[in-house]
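Residue numbers (the numbering used here): 222 to 936.
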């Protein structure tokens, strides 16, 4: 489906009284703090250990700049190259403003910096007192150059406004040799008297076309294409703000110009900013909350905002994109980057399907396009969780893609090596993935992460089995369901942990369940943090521990056994006992008490996380862990709203006690699901759906489709 979102945003803008004047925020965007996640986390009591000298905790790693939902462009300040998202709240220098971001130490393409005088120096000092941001907007005063910078953006373009102190000496640095990825080549040239065009080559080539409202007197290039070079745009003398409208494309300069013309064109800065705000207002308004504190509403809508910045658009207004084979294509849908699946399959991909199903559909089509070109549906980092994301979306009613063709590639993912699943041949033959016998493994030891892979592949097999059943493929359904029990092969009854095995099946010794590894036996985790992971078969997992009593006792220890402060592993941080909320591998564990009918114990842990691990730090802008493309934020959204996607594949939601008195979800068909809390306690007593008592703690997805009411009763 092709459409110009800017026109839609402008239509919304003119229909919302709250957006009538430049600078006003909407009913929902007023609660968004785009700085959330930019502040460092230094509290060793939360981190679990004292940070070594020179370390900055991998907490947050977010950016405060301008973006639309799932856009190509994220226009944001850069304070340190090589950092997670380019901007670190404690820094005092702005080095430039970059146009792409994710928060994974990559991107941050096409840096520009306005300056005055002969040379740009090394950026400019700035102060948070003269800095502001909102959805679709960023502003800062550059103290050294006395320039006031205002930024806004569209899906594929950025809009810069610079107020210089004088009519002379106005310059713009294009620092094209720098990005968070290694720059291999770059080029810039003048195009007419008031335009510039070029590209920057990192892992992929991004093209730009920039139009200014003032003539260019001269373009000075130093060592063009080299990593030691840069370009300076010298502007003609003149009065009034300098405006630069810049369009981007991953296909070519002509497409970048077309994107600019179609999305920004002759629209004013005020109109583009208001349209960006209206786009966010429209999205955020799909979840309405009543009650709660000001901080809780701010954290909720800030987290909802942060959940919709990735995956990012990669196709142009005309539909062109560069596919996985680096060739230009145009398939009639909007092409997106693949999701950060190891993180986001748990919750954020489901949130995307609930509130932006048209984007979720195109993301699946994009993944299928990668599969067509490379032979496998893309994975991300670890596991094969495209199976969960795609099966979960299909079971929730998103079916406007080539389901059978996508399923066939997912089957190939699950069975063919080499391919999407490393060591899948061993997994199929033995029922587990082994690790080598290493005499003195340490945090950074490189190996197979066999325990984590076996557990995750088991869940992926279950996910694919649900799609097989829906498509009537009973043979593969039964095979995959049998394989989904493979997680049991990693359980050592003598220690009551998921434990690494050697190739001959022996347990790896020595064994310290508290010691964290990056890739040996476990992926970014220790034995405690993965030993409660079987979201598709909790009854089976509980039986491994001898039943509810044994399982409950072990689970109690997870949250109470103190973390050893000598066990230091970057990204394994923010501890409640051995539980690590600062990273994803055990994010299901707080809900595990539900399966032994003790939801009140889960709620105690959930409330501790919601109230003490988000919006923390000296300025309230820190998170307890890396946001990981929105997974950490989506966890907050669901739990604060009283629902969680315990097994994201399954079209059902675990009910928790919401932070708010009432939460209303607007479905794609316009119907509303209302969740109300009854009672003042935080201890869950029962659930009613449309007035009928619910047997258990899950509610079906049909409520999002048909509308309805969930009553959460507390003791």
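Where is the CB? At the ideal position from N, CA and C, for every residue including glycine.
message: Going by DSSP in three states, residue 794 sits in which element: helix, strand or coil?
response: coil
Contiguous alpha helix (DSSP H) assignments of at least 4 residues, all confined to the stretch 567-610: 569-576 and 578-595
Same chain only: Cβ atoms within 6 Å of residue 936, ignoring 5 sequence neighbours per side: The beta carbon of residue 936 lies closer than 6 Å to those of 902, 904 and 906 in the same chain, with the five residues before and after it left out.
- request: Please report the residue range of the alpha helix (DSSP H) in which residue 268 lies.
  value: 265-268
message: I'd like to know whether the C-beta atoms of residue 655 and residue 755 end up nearer to each other than 8 Å.
response: no
message: From the DSSP secondary-structure annotation, give me the bridge partner or partners of residue 765.
response: According to DSSP, residue 765 bridges with nothing at all.
task: Compare the C-alpha of residue 537 against each of 520, 503 and 557 and name the closest.
output: 557
- request: Starting from the Cα of residue 726, find the closest Cα among 250, 671 and 565 and give me that residue.
  value: Among 250, 671 and 565, the Cα nearest to that of residue 726 belongs to 671.
- request: In the DSSP assignment, find the unbroken alpha helix (DSSP H) run with residue 812 in it and report its ends.
  value: Run containing residue 812: none; DSSP gives neither H nor E here.
query: Are residue 588 and residue 599 touching if we call contact CB-CB under 8 Å?
result: yes
- request: Determine the DSSP secondary structure at residue 368, reduced to helix, strand or coil.
  value: strand
- prompt: Taking all protein chains shown into account, do 16 or more other C-beta atoms lie within 10 angstroms of the C-beta of residue 339, making it buried, or fewer, making it exposed?
  reply: exposed
- prompt: What's the call for residue 797, buried or exposed, on a 16-neighbour Cβ count within 10 Å?
  reply: buried
task: Note down the Cα distance separating residue 581 from residue 806, rounded to an integer number of angstroms.
output: Rounded to whole angstroms, residue 581 and residue 806 show a C-alpha spacing of 24 Å.
- prompt: Since residue 831 is in the alpha helix (DSSP H), which residue starts that stretch and which ends it?
  reply: 820-833
query: Expressed to the nearest angstrom, what Euclidean distance is found between the alpha-carbon atoms of residue 933 and residue 529?
result: 27 Å
- prompt: Whose C-beta lies closer than 6 Å to the C-beta of residue 690 among residues of the same chain, with five residues either side of it excluded?
  reply: 698
field: Check whether residue 364 and residue 345 have beta carbons under 8 Å apart
entry: yes
- request: Taking only runs that begin and end inside the stretch 866-901, name each unbroken beta strand (DSSP E) of 3 or more residues, in chain order.
  value: 873-876, 883-887 and 893-899
- request: Taking residue 391 as part of the beta strand (DSSP E), name the residues at either end of that continuous run.
  value: Its beta strand (DSSP E) spans residues 391-395.
- request: Would you tell me roughly how many angstroms separate the C-alpha atoms of residue 714 and residue 729, rounded to the nearest one?
  value: So the two alpha carbons sit approximately 14 Å from each other.
- request: Determine, using beta-carbon pairs with one atom in the stretch 871-886 and one in the stretch 507-522, whether at least three such pairs fall under 8 Å.
  value: yes
message: Quick check on DSSP: helix, strand or coil for residue 515?
response: helix
message: Below 8 Å on the Cβ atoms is my contact criterion, and I expect residue 398 with residue 442 to pass it. Report the Cβ-Cβ distance as a whole number of Å.
response: Not a contact, Cβ separation roughly 11 Å.
task: Would you tell me roughly how many angstroms separate the C-alpha atoms of residue 861 and residue 685, rounded to the nearest one?
output: 30 Å
One or two residues paired with residue 649 in a DSSP bridge: None; residue 649 has no bridge partner.
query: Relative to the alpha-carbon of residue 606, which residue among 819, 566 and 401 has its alpha-carbon at the smallest distance?
result: Nearest C-alpha to residue 606: 566.
message: Please give me, in chain order, every unbroken run of the beta strand (DSSP E) with length at least 3 that falls completely inside the stretch 380-434.
response: Fully enclosed beta strand (DSSP E) runs of 3 or longer: 391-395, 406-411, 416-422 and 426-433.
- prompt: Relative to the C-alpha of residue 676, which residue among 704, 370 and 803 is closest?
  reply: Nearest of 704, 370 and 803 to residue 676, Cα basis: 704.
query: Since residue 702 is in the alpha helix (DSSP H), which residue starts that stretch and which ends it?
result: Residue range 695-704 is occupied by the alpha helix (DSSP H) that includes residue 702.
field: Classification of residue 274 by the beta-carbon crowding that lies within 10 angstroms, buried from 16 upward
entry: exposed
- request: Using the Cα positions of residue 321 and residue 296, report the straight-line distance between them to the nearest angstrom.
  value: Residue 321 and residue 296: Cα-Cα distance of roughly 6 Å.
message: Within a Cβ cutoff of 7 Å, which residues of the same chain sit near residue 243, ignoring the five residues on either side of it in sequence?
response: Since pLDDT at residue 243 reaches only 42, below the 50 mark, its modelled position is unreliable, and no value is offered.
task: For residue 870, count neighbouring Cβ atoms within 10 angstroms of its own Cβ and tell me buried if that reaches 16, exposed if not.
output: buried
message: Quick test of your reading: residue 380 and residue 460, contact by CB under 8 Å. State the CB separation rounded to the nearest angstrom.
response: About 20 Å separates the two Cβ atoms, so there is no contact after all.
query: Using 8 Å as the threshold, is the stretch 541-548 in touch with the stretch 260-277, meaning 3 or more CB pairs across them?
result: no
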